[in-house]
Each structure stands twice: as C-alpha cells, then as structure tokens.
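J.: The sequence shown maps to residues 1 to 481 in the UniProt record's numbering.
For every residue, glycine included, the Cβ atom is placed at its ideal position computed from N, Cα and C.
For clarity, every value in this text was computed on a predicted model and none was experimentally measured.
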Amino acid sequence: MLGNLIVIHGVTGWYCRVAYSTSARQVPITFRIRNTAGEMDVAGPEPTGWQILFRLSRIVHIVMGQKVHDIKPDSLLRERPINGHSNGHSDAGASPHQSPVKVSKLQEPRIPGWSPPNLTIKEVRDAVPPHCFERSLLRSASYLIWDLAWIGILAVAATHIDRLPVAFRYVFWPLYWYFQGAIMTGAWVIAHECGHQAFSDYKWINNTIGWIIHSAMLVPYHSWRVSHAQHHAGNAHLEKDAVFVPRTRSEYGLPPRNPARNDHDDDYLKGELWQASPLLNVLQMLRVLLLGWPVYLTLNRWGPKAWEGASHFNPKSVIFKPHHFWQIIASDIGIFITLASVGMAIYNFGLITVGKYYLVPYLIVNWWLVMITYLQHTDVTVPHYRDGEFNFLRGALCTVDRSFGILDHFFHHISDTHIAHHLFSQMPHYHAEEATRALKKVLGPYYRRDDTNVFIAMYKNWEQCRFVEDDGDVVWYKNRY
Numbered sequence: 001m002l003g004n005l006i007v008i009h010g011v012t013g014w015y016c017r018v019a020y021s022t023s024a025r026q027v028p029i030t031f032r033i034r035n036t037a038g039e040m041d042v043a044g045p046e047p048t049g050w051q052i053l054f055r056l057s058r059i060v061h062i063v064m065g066q067k068v069h070d071i072k073p074d075s076l077l078r079e080r081p082i083n084g085h086s087n088g089h090s091d092a093g094a095s096p097h098q099s100p101v102k103v104s105k106l107q108e109p110r111i112p113g114w115s116p117p118n119l120t121i122k123e124v125r126d127a128v129p130p131h132c133f134e135r136s137l138l139r140s141a142s143y144l145i146w147d148l149a150w151i152g153i154l155a156v157a158a159t160h161i162d163r164l165p166v167a168f169r170y171v172f173w174p175l176y177w178y179f180q181g182a183i184m185t186g187a188w189v190i191a192h193e194c195g196h197q198a199f200s201d202y203k204w205i206n207n208t209i210g211w212i213i214h215s216a217m218l219v220p221y222h223s224w225r226v227s228h229a230q231h232h233a234g235n236a237h238l239e240k241d242a243v244f245v246p247r248t249r250s251e252y253g254l255p256p257r258n259p260a261r262n263d264h265d266d267d268y269l270k271g272e273l274w275q276a277s278p279l280l281n282v283l284q285m286l287r288v289l290l291l292g293w294p295v296y297l298t299l300n301r302w303g304p305k306a307w308e309g310a311s312h313f314n315p316k317s318v319i320f321k322p323h324h325f326w327q328i329i330a331s332d333i334g335i336f337i338t339l340a341s342v343g344m345a346i347y348n349f350g351l352i353t354v355g356k357y358y359l360v361p362y363l364i365v366n367w368w369l370v371m372i373t374y375l376q377h378t379d380v381t382v383p384h385y386r387d388g389e390f391n392f393l394r395g396a397l398c399t400v401d402r403s404f405g406i407l408d409h410f411f412h413h414i415s416d417t418h419i420a421h422h423l424f425s426q427m428p429h430y431h432a433e434e435a436t437r438a439l440k441k442v443l444g445p446y447y448r449r450d451d452t453n454v455f456i457a458m459y460k461n462w463e464q465c466r467f468v469e470d471d472g473d474v475v476w477y478k479n480r481y
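#1: Inspect the beta-carbon positions of Q180 and P294 and report whether they are closer than 8 Å.
#2: Please report the straight-line C-alpha distance between I363 and L291, rounded to a whole angstrom.
#3: In angstroms with no decimal places, state the Cα-to-Cα distance between P130 and H192.
#4: In chain order, which continuous runs of the alpha helix (DSSP H) of length 4 or greater are located wholly inside the region 403-473?
#5: Please classify N366 as buried or exposed, where buried requires at least 16 other C-beta atoms within 10 Å of its C-beta.
#6: Kindly confirm or deny that the region 456-463 and the region 131-146 touch, where touching means at least three C-beta pairs closer than 8 Å.
#7: How would you write the range of the beta strand (DSSP E) that T278 sits in, first residue to last?
#8: Quick check on the burial criterion: 16 or more other C-beta atoms within 10 angstroms. Buried or exposed for W326?
#9: Where does K240 land, buried or exposed, given buried means 16+ other C-beta within 10 angstroms?
#10: Which stretch, first to last residue, makes up the alpha helix (DSSP H) that contains P174?
#11: Should the region 318-335 be regarded as contacting the region 402-417, the criterion being three or more beta carbon pairs within less than 8 Å?
#12: Where DSSP assigns a beta bridge to P256, which residues make up the other side?
#13: Between which two residues does the beta strand (DSSP E) holding A374 run?
#14: Classify Q284: buried if its beta carbon has 16 or more other beta carbons within 10 angstroms, exposed otherwise.
#15: Measure from the alpha carbon of R301 to the alpha carbon of each residue in T353, P246, P117, N235, then state which is nearest.
#16: Can you find the residues in the same chain that come closer than 6 Å, C-beta to C-beta, to P322, ignoring five residues on each side of it along the sequence?
#17: At the level of alpha carbons, what is the spacing between D70 and V288?
#18: Within 10 angstroms of the Cβ of F390, are there 16 or more other Cβ atoms? Answer buried if so, exposed if not.
#19: Where are the alpha helix (DSSP H) runs, 4 residues long or more, that stay fully inside the region 113-151, in chain order?
#20: Does K203 pass the burial test, meaning 16 or more other C-beta atoms within 10 Å, or should it be called exposed?
#21: At the level of alpha carbons, what is the spacing between L286 and T373?
#22: Compute the beta-carbon to beta-carbon distance between T378 and L218, rounded to the nearest angstrom, for a pair I have assumed lies under 8 Å.
#23: Work out the CA separation of N314 and P304 for me, nearest whole Å.
#24: On the premise that F320 lies in contact with V226, defined as a C-beta separation below 8 Å, what is that separation, rounded to the nearest angstrom?
#25: Starting from H222, trace the alpha helix (DSSP H) in both directions and tell me its first and last residue.
#26: If I measure Cβ to Cβ from V128 and keep anything under 6 Å in the same chain, skipping five residues before and after, which residues do I get?
#27: With respect to the beta strand (DSSP E) encompassing Y347, which residues constitute its N-terminal and C-terminal limits?
#28: To the nearest angstrom, how far is the alpha carbon of W211 from that of G444?
#29: For M344, which residues from the same chain have a beta carbon less than 7 Å from its beta carbon, with the 5 sequence-adjacent residues on both sides left out?
#30: How would you call T185, buried or exposed, if buried means at least 16 neighbouring beta carbons within 10 angstroms?
#31: Since H214 is in the alpha helix (DSSP H), which residue starts that stretch and which ends it?
#32: Quick check on the burial criterion: 16 or more other C-beta atoms within 10 angstroms. Buried or exposed for A236?
#33: Return the residue from the list A310, V400, L175, H196 that minimises the CA-CA distance to residue 488.
#34: What number of angstroms, rounded off, separates the C-alpha of I205 from the C-alpha of N281?
#35: Just the Cα atoms here: how many angstroms apart are G253 and K478?
#36: What residues match up with V475 in a beta bridge as DSSP calls it?
Put into structure tokens, the structure is as follows:
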C-alpha cells in the first residue's frame, strides 16, 4: 500500500481524502504529517479503520500549531528530542568537557554540552546576600494578616452578589472565586513557609500558625510537612522524591524500546488513538488539577512506588516514623474540626451557599497548587537521578522558575523563585527575588526559567513528559507517542 492523505480546511471544516493501493509489499507502518501543507504521507500495509483514525487524530496538532514529528513505526512511540538531540543520535557531538556520566544504555537525549553540576552548597550560599536568610516575625505576620484581611473582605463583598440582577451574578461569582482562590493560595503558601520554619525564629509560632491555616484548607499540616521535607531532601531522585515521581517505561506499560514485533492489534491501536487525543489530555489535566491534591494526600498518587497507597492521614503510614505519631493525630484533629465546621455550615445555610463561598474557592486553591508544583518540577529539560549521580544540590536544581504574571504577587512568588526555595527552604519568601538574582550569576546554565505561558506549558509538558527509562543514572522525560 502506497498512499496519501490530503487534509484541506474548507468553509465547513476539515476535508480528508485517503488514496492507496495494496499492490506494494508489506512493510512496517510509517507516516508523517507535513505541518505547512497539512498533508500526511502514508506507507505500509493496508490500514485498518482504527489505524486511519489514529493518523487522523494527529491532525489536531496541526490545528493547534504544534510541530508534529515522525511517528516511530515500531511502537507508535515518539521520544521528544531535547534542543535538537534526538534519541537515536550518538554522543559524538557532545561537549568535550562533559563529565563521563552513565546517562543510559539507550543513549538518552540531553541538552547540548550538559553535564551534572559540580558546585557545592557552600559556594551557592556564599553568593546570596546574608540578610536574605534573616526571618522576621513581624514582616511575615504582615503578609499573613494582609491575606486574611482580603479573604474576609471578599467574603463580605460576596454577600451582596445575589442581590444583583441575574446577569451580573454570572460575572461577579466567577470573579469572586478567582480572586478568593488566588488569595487563599497565598495564605496556603504562608502556612507552607511555617512548615519550613521560614515564618519566624520561633518553632512553636510557626507550627501553630501553619496548623491553623492548613487545617482550614483541609491540609493535614504536620503530615504534609513531614512528606514535603522528604521531597526537598530527595527532589528529582527516582526512588527518594515524595511527589511527581516519573513513571518508568515498564511501569507505564510500554513495550521495550525497538521491540521485534511491529504489528499491533486493534485493542492497542484503540488505546493509542484515545491516549493520543488532545481531548483526553485536557480531560485528564482538569481531573488532576481539581482533584489531584486530595487524591495525593489520601492515596499518595504521584508519589514514590514504595509509598504507593500510603495516606497522609494514617499515623502508621510508611511515610512517617514512630515519633511522628502524635503530630499526625494533631493534623487529623485539625481536618476533623474543619470538616465538622463545613458540615454545620451546610446544615445551617445549605450546600449551595457553602459551595459558593468556600468549596469552589477551595477547588481553585487545589487547581493552583497542583499546577504550580507540577510545572515547577516537570519539564523535558529537567533531569532525574538515581543513586549513582544524585546529591542534594543536583536535586535542588532540578526545578524551573515560572511566572504566573500578576498572580506571582498573590502567590508570594512561590513559582518564579522556586529554585531559591529548594536550595534554601528556610529563606522567607520576601527575600527570594533578591536571592534569585544572585543565584543566577553563580548557577549560570544550571538556573532554569521558562517564560512560556503557564497554561501552554501545562498542556505541552502533560503531553511530552510521560515516562523515563528503566535504567541509567541520569534520565530525562520522554513521551509515549
């Protein structure tokens, strides 16, 4: 079969024509979409209906303006090149100064000239002005009071929305949810600083404030504080990190690279068609953005394999050590108090009222938390390590600073100064911008910042960052297609 699939965008939509003959000898399926002309070449055995649909599904990427690469015939798997280095290339073009790192038996892609950083934490710390490490209870409290005041002001203002004409309600309720969710996220960040003991020099004050704020947002303060500390200690380690741990090729259920068999049954192709769908990507992202946070706390989804199914609410969970027991109980008590309060409010005021004032902003907070943390740690330019090459500094540098625009101020710059935070987690957020400017100079190419629109980056990374290889001391994200 030799053929062509022509795609033309007309007044009524996309028109497709498939022409082929079956006189050619059977060869492995391969095809290419030409991004400029909207044309897809087809060569291989006569396709089934599902194979044709799979090919058509990739046209969506043309509409979205994304570059579509050749699809590998062996497993319909495309592994995204990084800065021009595809997976099939050897290391001949790598920098002569690159350290001899066991990257992978499968010749993993890498950034041109990349080698693991060999800086020391002292060298990095010495580059930051000393006053950036000073904590002020008064200054930290002022940010918290500001957030709490605006949360109250917005809640009071929202009591007037239902007095407006119906058309105006459809405008002002979403505005309330957006801004209330953003400000509540900022308060969440302050409580997160309490967990790092960055709020003040007084541990009991930090833990008391953190427990109150996080409990009000249905976060088990000490439980998450403990697991989050492990995340900082093992960031980007494939066995020791606590969240957004990449799945390996085998865990993802993919066939071995370059398998002997090139044919696929219809069930596999149906799955590939659905998995390749941008619609599915969007639906999956929405589910994770809205519900991913409580699912992580309850079932430790996206955590390390050793913690699979572990709950942040169980004091005997594998996440914790015996001396954490009563701290976890205290966290659970905080959650119980909040749930009881929400239940009483629903009983007295109704589910719709409580939903409008609290539950929807709570979901918005979940949205921002998952999106912020996902984008901080997920990118094709970020390596992941195994024991052979991991150390704290290398792990701490495996994050990306990203700006959320004006929301950076609401979020207390937790996203656009995240490298500084991972290096020095006890540094207050109000010093992080100055520290970041200093860090850029000492880190050089190991400082990562991506100014891509965060929603575009979210979709792109969701599609491209699916798994890492099963072996290698330094590995990079790849995608399935």
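T.: Answer, in terms of the structure:
#1: Walking along the sequence shown from the start, residue 180 turns up at place 180. Walking along the sequence shown from the start, residue 294 turns up at place 294. Contact: no.
#2: Within the sequence shown, the letter at position 363 stands for residue 363. Within the sequence shown, the letter at position 291 stands for residue 291. Per the sequence presented here, residue 363 reads as Leu, with Ile not at that position. About 8 Å.
#3: Along the sequence shown, one-based indexing puts residue 130 at 130. Along the sequence shown, one-based indexing puts residue 192 at 192. P130 and H192: Cα-Cα distance of roughly 22 Å.
#4: 407-410, 418-423, 432-443, 454-464
#5: Residue numbering aside, residue 366 sits at position 366 when the sequence shown is read from its first letter. Flag for N366 reads buried.
#6: no
#7: The residue you call residue 278 lines up with position 278 of the sequence shown. A small fix is needed here, since residue 278 is Pro in this sequence, not Thr. Here P278 belongs to no beta strand (DSSP E); instead the alpha helix (DSSP H) covers 278-299.
#8: To locate residue 326, count along the sequence shown from 1; it is residue 326. Counting Cβ neighbours within 10 Å, W326 comes out exposed, since fewer than 16 surround it.
#9: Taking the first residue of the sequence shown as 1, we reach residue 240 at position 240. Flag for K240 reads buried.
#10: The residue labelled residue 174 in the question sits at position 174 within the sequence shown. Unbroken alpha helix (DSSP H) run through P174: 166-195.
#11: no
#12: For the purposes of this step, residue 256 is taken as residue 256 along the sequence shown, with counting starting at 1. Answer is none; P256 lacks a bridge partner.
#13: Here residue 374 refers to the residue found at position 374 when the sequence shown is read from its first residue. The residue asked about is misnamed: residue 374 is Tyr in this sequence, not Ala. Note, Y374: premise wrong, no beta strand (DSSP E); alpha helix (DSSP H) at 360-377.
#14: The sequence position of residue 284 within the sequence shown is 284, counting from 1. Counting Cβ neighbours within 10 Å, Q284 comes out exposed, since fewer than 16 surround it.
#15: As a first step, residue 301 must be located in the sequence shown, where it is residue number 301. Among T353, P246, P117, N235, the Cα nearest to that of R301 belongs to P246.
#16: For the purposes of this step, residue 322 is taken as residue 322 along the sequence shown, with counting starting at 1. For P322, where only same-chain residues beyond five positions count, there are no Cβ hits under 6 Å.
#17: Working through the sequence shown from its first residue, we reach residue 70 at position 70. Working through the sequence shown from its first residue, we reach residue 288 at position 288. Its pLDDT being 33, under 50, D70 is placed unreliably by the model, and nothing is read from it.
#18: Indexing the sequence shown from 1 puts residue 390 at position 390. Buried, by the Cβ-count rule.
#19: 121-126
#20: The residue labelled residue 203 in the question sits at position 203 within the sequence shown. Looking at its Cβ environment, which holds fewer than 16 other Cβ atoms inside 10 Å, K203 is exposed.
#21: By 1-based counting over the sequence shown, the position of residue 286 is 286. By 1-based counting over the sequence shown, the position of residue 373 is 373. Approximately 15 Å between the Cα atoms of the pair.
#22: Working through the sequence shown from its first residue, we reach residue 378 at position 378. Working through the sequence shown from its first residue, we reach residue 218 at position 218. Not quite, the Cβ-Cβ distance comes to about 24 Å (not below 8 Å), so this is no contact.
#23: Numbered from 1 along the sequence shown, position 304 holds the residue referred to as residue 304. Numbered from 1 along the sequence shown, position 314 holds the residue referred to as residue 314. If I take the Cα positions, the gap works out to 17 Å.
#24: Taking the first residue of the sequence shown as 1, we reach residue 226 at position 226. Taking the first residue of the sequence shown as 1, we reach residue 320 at position 320. With a Cβ gap of about 6 Å, V226 and F320 count as contacting.
#25: Position 222 of the sequence shown, counted from the start, is the residue given in the question as residue 222. Segment 221-233, the alpha helix (DSSP H) holding H222.
#26: The sequence position of residue 128 within the sequence shown is 128, counting from 1. Result list for V128: A435, A438, in chain order.
#27: The sequence position of residue 347 within the sequence shown is 347, counting from 1. No beta strand (DSSP E) holds Y347; the alpha helix (DSSP H) holding it covers 325-349.
#28: Here residue 211 is taken as the residue at index 211 of the sequence shown, counted from 1. Here residue 444 is taken as the residue at index 444 of the sequence shown, counted from 1. Distance between the alpha carbons of W211 and G444 is about 38 Å.
#29: Position 344 of the sequence shown holds residue 344. Hits under 7 Å: none found.
#30: Position 185 of the sequence shown, counted from the start, is the residue given in the question as residue 185. So T185 ends up on the buried side.
#31: If you number the sequence shown from 1, residue 214 lands on position 214. Segment 203-216, the alpha helix (DSSP H) holding H214.
#32: Numbered from 1 along the sequence shown, position 236 holds the residue referred to as residue 236. A236 should be labelled buried.
#33: The structure shown does not extend to residue 488, since the chain spans only 1 to 481, so no value can be given for it.
#34: By one-based count along the sequence shown, residue 205 stands at place 205. By one-based count along the sequence shown, residue 281 stands at place 281. C-alpha separation (whole angstroms): 43 Å.
#35: In the sequence shown, the residue the question calls residue 253 occupies position 253. In the sequence shown, the residue the question calls residue 478 occupies position 478. Approximately 14 Å between the Cα atoms of the pair.
#36: The residue given as residue 475 occupies position 475 in the sequence shown. For V475, which the question treats as bridged, DSSP gives the partners H384.
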